[in-house]
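In this note's numbering, the protein residues as written are 543 to 809.
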């Protein structure tokens, strides 16, 4: 009975920080191959958000309003994140917050942090590129998808100015950091799924650039013959989204949460 009461009781902020610290340290101790494979898996899995978005677009864009289509796209967004986060693959925007905690605590160095970030980011992008190549190929081979979705998504991701994209990316990284915190604070799978769905829906509806989910859409737009998106557009998007996401996750969540949650010497 007391066990069930403990599960129902909300975790303290110290408990959440401790669990996140332990989880982050486990990532530091994994070898390069394991990190690359897990993060590559995440990059491919998150592509199913774009897959569902493309399905909604292909079937309904000719018969519904632009506003309703945008809403359907936002509702599609959480699917890939659920596959990744509940499935425990490594996503860069979670680790902008998680991986910085041992550095703030003095247990790991910045060089070690850059190794973890670099491997996860490279694996995510590699997975995103593989999924995108396969998906573009599939769309060209079936009548169930309309290839103009790639132009729609590429235009949607590059519609804002550079400064607008950058601020949006900070918000996206901030929300992903908060999501990592919320997932750790949740004690059961359904509450974790709800947290992922709500937060990533906000990112999708707000049109906030996410460097990995956005990479899938941009790679698809680049690989498809029907769009004007080129390599320069892809690289610019990735640079802006990655830096913004990293700032949002590591500073607005990691640094801030650590500063008021970590135990002090004089406690």
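Where a beta carbon is used, it is the ideal one built from N, C-alpha and C, also for glycine. What you are looking at is a predicted structure, and each value in this text was computed from that prediction instead of being measured.
| Item | Value |
| --- | --- |
| Alpha-carbon spacing of residue 791 relative to residue 713, whole angstroms | 9 Å |
| Residue span of the alpha helix (DSSP H) that contains residue 670, given as start and end | 652-683 |
| Residue 687 classed as buried or exposed, judged by whether at least 16 other C-beta atoms fall within 10 angstroms | buried |
| For residue 768, the three-state DSSP class (helix, strand or coil) | coil |
| CB of residue 725 within 8 Å of CB of residue 623, strictly | no |
| Secondary structure of residue 641, DSSP reduced to three states | coil |
| Span separating the alpha-carbon of residue 758 from that of residue 674 | 6 Å |
| CB-CB length for residue 693 against residue 607, believed under 8 Å | That belief does not hold up - the Cβ atoms of residue 693 and residue 607 are roughly 19 Å apart, past 8 Å. |
| Separation of residue 668 from residue 645, as counted between CA atoms | 26 Å |
| Three-state secondary structure assigned by DSSP to residue 632 | coil |
| Buried versus exposed call for residue 752 [16 or more other C-beta atoms within 10 Å across all chains shown] | buried |
| Three-way DSSP call (helix, strand, coil) for residue 730 in this model | coil |
| Sequence-distant residues of its chain with Cβ nearer than 6 Å to residue 626 (five each side left out) | 584, 587, 588 and 633 |
| Closest residue to residue 630 among 734, 763 and 781 (Cα-Cα distance) | 734 |
| Cβ shell of residue 544 (< 8 Å), same chain only, five flanking positions each side left out | Residue confidence for residue 544 is low, a pLDDT of 45 falling below 50, so the modelled location carries little weight; the figure read from the coordinates is stated next. No residues qualify anywhere along the chain. |
| Rounded straight-line distance, which links the Cα of residue 647 to that of residue 559 | 11 Å |
| Cβ pair residue 665, residue 581 closer than 8 Å | yes |
| The region 697-709 / the region 769-787 touching (three or more Cβ pairs under 8 Å) | yes |
| Buried or exposed (CB count within 10 angstroms, at least 16 for buried), residue 807 | Residue placement at residue 807 is flagged as unreliable, the pLDDT there being 48, under the threshold of 50; a coordinate-derived value is accordingly withheld. |
| Own chain partners of residue 671 with C-beta closer than 6 Å, once the 5 adjacent residues on each side are dropped | 761 |
| Residue 715 vs residue 788 beta-carbon contact at 8 Å | yes |
| Enclosing alpha helix (DSSP H) for residue 696 [first to last residue] | 690-699 |
| DSSP-derived helix/strand/coil call for residue 491 | The requested residue 491 is not part of the displayed model; the chain covers only 543 to 809. |
| Nearest to residue 576 (by Cα), restricted to the options 658, 595 and 650 | 658 |
| C-beta neighbour in chain D for residue 554, strict 8 Å | Here there is only one protein chain, and chain D is not present. |
| Distance CB(residue 754)-CB(residue 635) smaller than 8 Å | yes |
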